[in-house]
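Visitor:
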Amino acid sequence: MSGTILEVENLSVDIPVAAGMLHPVRGIGFSVSRGETLCIVGESGCGKSLTSLAVMGLLPKTARRSADRMEFLGRDIRSLREREMARLRGGSMSMIFQEPMTSLNPSYTIGNQLAEVYLRHVEQSRAAARDRAVFLLEKVGISSAASRLGQYPHQLSGGQRQRVMIAMALMCGPELIIADEPTTALDVTIQAQILHLLAELQREFRMGMILITHDLGIVARVADKVQVMYAGKTVEEGPCETVFDAPMHPYTQGLLRCIPIPGRTQRGERLGSVPGIVPNLVGELSGCMFRNRCDYASDACAGMRDEPTRMGDGHAYTCLRAPEEISGEPQAAETP
Amino acid sequence: MTEAPAAALETVDVTCVFQVSQGLLRGSKPLRAVNGVSLKIPRGQVVGLVGESGCGKSTMANILLGLQRPSSGDVLYAGNSAAGFSRREIARRIQPIFQDPYSSLNPTKTIESIVSQPLRIHSVGAPSEWSARVGEMLDVVGLPRRVASSYPSQLSGGQRQRVAIARALIMRPEVVICDEPTSALDVSVQSQILNLLQDLKEEFGLTYLLISHNLAVVQHMADRVAVMYLGRIVEEADSDTLFNDPRHPYTRALLGSVLTPDPRLGVPDTHLGAVFPNPIDPPPGCTFHPRCPDCMAICRSEPPRPASDGGHNTECHLYGGAP
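In order, the protein sequence lines correspond to chains A and B. Sequence positions in the first sequence follow this note's numbering and run 107 to 442. Sequence positions in the second sequence follow this note's numbering and run 172 to 494.
#1: Looking only at DSSP bridge pairs, what is B:A478 linked to?
#2: Please list, in chain order, all residues of the same chain as A:V334 whose beta carbon is under 6 Å from its beta carbon, the five residues on each side excluded.
#3: Please look up how many angstroms separate the CB atoms of A:P122 and A:T168, rounded, as I've assumed it's under 8 Å.
#4: Given 8 Å as the limit, is there contact between the stretch 277-293 of chain A and the stretch 315-329 of chain A, that is, 3 or more CB pairs closer than that?
#5: Output, in chain order, the set of chain B residues within a Cβ distance shorter than 7 Å of A:F350.
#6: Which residues of chain A have a Cβ atom closer than 9 Å to the Cβ of B:V429, listed in chain order?
#7: Could you tell me which uninterrupted beta strand (DSSP E) segments, each at least 3 residues in length, are contained entirely in the stretch 171-230 of chain A, listed from first to last along the chain?
#8: Between the C-alpha atoms of B:A232 and A:D330, what's the straight-line distance to the nearest angstrom?
#9: B:I282 and B:V318 look like a contact to me (Cβ under 8 Å); what is the Cβ gap, rounded to whole Å?
#10: In terms of residue numbering, what span does the beta strand (DSSP E) encompassing B:I382 cover?
#11: Who are the near neighbours of A:S198 in its chain, counting only those whose CB is closer than 6 Å to its CB and skipping five residues on each side?
#12: By a C-beta neighbour count over all protein chains shown, 10 Å radius and 16 as the cutoff for buried, is B:S479 buried or exposed?
#13: How about the stretch 138-153 of chain A and the stretch 170-183 of chain A: do they share at least three Cβ pairs that are nearer than 8 Å?
#14: Below 8 Å between beta carbons is the criterion; list the residues of the stretch 160-174 of chain A that meet it against any residue of chain B, in chain order.
#15: Using a C-beta cutoff of 8 Å, does B:S224 count as contacting chain A?
#16: Please give me, in chain order, every unbroken run of the beta strand (DSSP E) with length at least 3 that falls completely inside the stretch 231-303 of chain B.
#17: Between B:S428 and A:Q297, how many whole angstroms is the CB-CB distance? I'm expecting something under 8 Å.
#18: Are the C-beta atoms of B:V388 and some chain A residue less than 8 Å apart?
#19: Taking one C-beta from the stretch 313-331 of chain B and one from the stretch 358-368 of chain B each time, how about it: are there three or more such pairs within less than 8 Å?
#20: Based on Cα-Cα distance, which residue from B:E223, B:P323 and B:R258 lies nearest to B:I292?
#21: Mind checking who A:L128 pairs with in its DSSP beta bridge?
#22: Per DSSP, what kind of secondary structure is A:C407 in: helix, strand or coil?
#23: Strictly under 8 Å for the Cβ-Cβ distance: is B:L425 near chain A by that measure?
#24: Under a three-way DSSP split, which group does B:A337 fall into?
#25: Where does A:P259 sit, in a helix, a strand or coil, going by DSSP?
#26: Confirm, please, whether the CB-CB distance from A:L194 to A:M274 is below 8 Å.
#27: Could you check which residue in A:M162, A:C278, A:L128 and A:V114 has the C-alpha nearest to that of A:V388?
So this is what it looks like as structure tokens:
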């Protein structure tokens, strides 16, 4: 596709730990096009945050990254040196983190912090940086933006801080935004506003976005494409509607049964659950890592190879069960 | 609802005022964290308390737990005024489960020591029985008995929350205050904890106050729901009534912000101004008026009075709250 911004194939991250080699990301591939939102969803420890850090080149020093392909705007970024990577980060590729409390520097004014990115990446003009900062603060819905530039992060509320983070991510007109749980620390009302804002800005500036979250409600509302991760691998991916309407992998199905949905689950009714815990990803791993928590597990699962079953229109899942076997069952997650 | 016997827990016109310093020489100003709240928690029911951060939910929890003395008003335990109870007696009746199982368990104590602490404090039974009691509680909350000798750092988030639940229930309290019990947990773990809370309620005949900002969870669990805004309960009704027929514009905005996993809907535009008012300097009239889409002239000057309609209480000028 011509509008592709980022293309990643077979990305793995290995981290040496005391017990051996930890494999938190084990062969992930995805692509993001202009104006498209890719949601990476999964629970803690599934490798979703490390995947984004690997793309940004922000992995911890001891971690090893390997990939068959990592192209950003047609340029191979696997072999870029730290200096060149730093030029991309904050410039054409920027990131919004979860905690607006900790990701802003408390001892600098927000004007200073906003200007810094611009001065570093775009041009050495304080006046231009200031204008851009005011323009973006207004854009993200912060009132009397000009007077806010002299304020410190502690003078803003959580929602306002997250808006400042978004403005900062937009300072240099990025092509790609990676947002890691951008609204998890916020109230529902503010969450809706922030997501609404992100979607609007994304449309306006035609940016690609990777949104990392564990909240299926958010995924359903903002994603174009969904990628469900479990134990460092993609277990299911596809267009948002397809994945929610006809989830194929037992893990995706389980997750969707876990959440109370007003109007669909009855009060007091037991919610579905995914029993068991996430496997340890240290050492040699083989077969389907979900098999110890799966209702349909059989001996064959231990020897499963990573060959996704492709359903057409980009929907694919990695499970030994055949599509006919799965679609014959009633789905709790089906939209009425 | 029919006339119920004395509620398990009730607040009568409770107000809690903190003095907030304005700086070195500027004296202090009062912050009304809870401003005249009357809330009944009937025995055997689940009452949900929802609202944005800063609305006074957690101060309410502290008042109910006897950790914070209200500036005025009274808390009634099964119809009896809190003044007649010591801190310890209140703790026997009411126990909390907090949001973050990572910080609510002492990292230097074993699980057995954590869960048995209430028994030690209240000197219940012989110390030789404590270990067995802990074992039973671990069974009840679905933890293997061998974790008794583990430390919190060796357990997952969901397991820690189960430990917190075991600690809360070992004294067989009447009421459990659940302050965001699942907000820090993963989706699949959240559903396990909610199911467990549901089962324990049946098994021990518990009464819950469920404080949460996750309205889907509240709707799933609660029989009755109270919506709090700037220290006031602005709407209160049976769960079905409140979720099907929300009246207060704030409740409507809250419900509108819930993101159900429906891929055909986009992100709603709540039209709710982002700015949560400063509680030290609340707006005049109805405190919600600067954010309200239905604001009228009267809202800017007169605070609305509570209006009740068959158990559906609303505090808004749109619903007969006018003087």
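Ideal placement from N, C-alpha and C gives every residue a C-beta, glycine not left out.
Guide: Judging by the given coordinates:
#1: B:T485
#2: V147, V341, E342 and T358
#3: With 8 Å as the limit, A:P122 and A:T168 qualify as a contact, their Cβ atoms being about 6 Å apart.
#4: yes
#5: P432 and P434
#6: V294, A298, G323 and P368
#7: Along the stretch 171-230 of chain A, the beta strand (DSSP E) occurs as fully enclosed runs of 3 or more residues at 175-178 and 199-202, listed in sequence order.
#8: In a straight line, the C-alpha of B:A232 is about 41 Å away from that of A:D330.
#9: 5 Å
#10: T378 to I382
#11: P280 and E281
#12: It is exposed - the Cβ of B:S479 has fewer than 16 other Cβ atoms within 10 Å.
#13: no
#14: none
#15: yes
#16: 243-248 and 265-268
#17: Distance from B:S428 to A:Q297 at the Cβ level is roughly 7 Å; contact confirmed, criterion being Cβ atoms closer than 8 Å.
#18: The Cβ of B:V388 sits closer than 8 Å to at least one Cβ of chain A.
#19: Taking a contact to require three or more Cβ pairs closer than 8 Å, the stretch 313-331 of chain B and the stretch 358-368 of chain B qualify as touching.
#20: B:R258
#21: A:I121 and A:V388
#22: helix
#23: yes
#24: helix
#25: helix
#26: no
#27: Closest by C-alpha distance to A:V388, out of A:M162, A:C278, A:L128 and A:V114, is A:L128.
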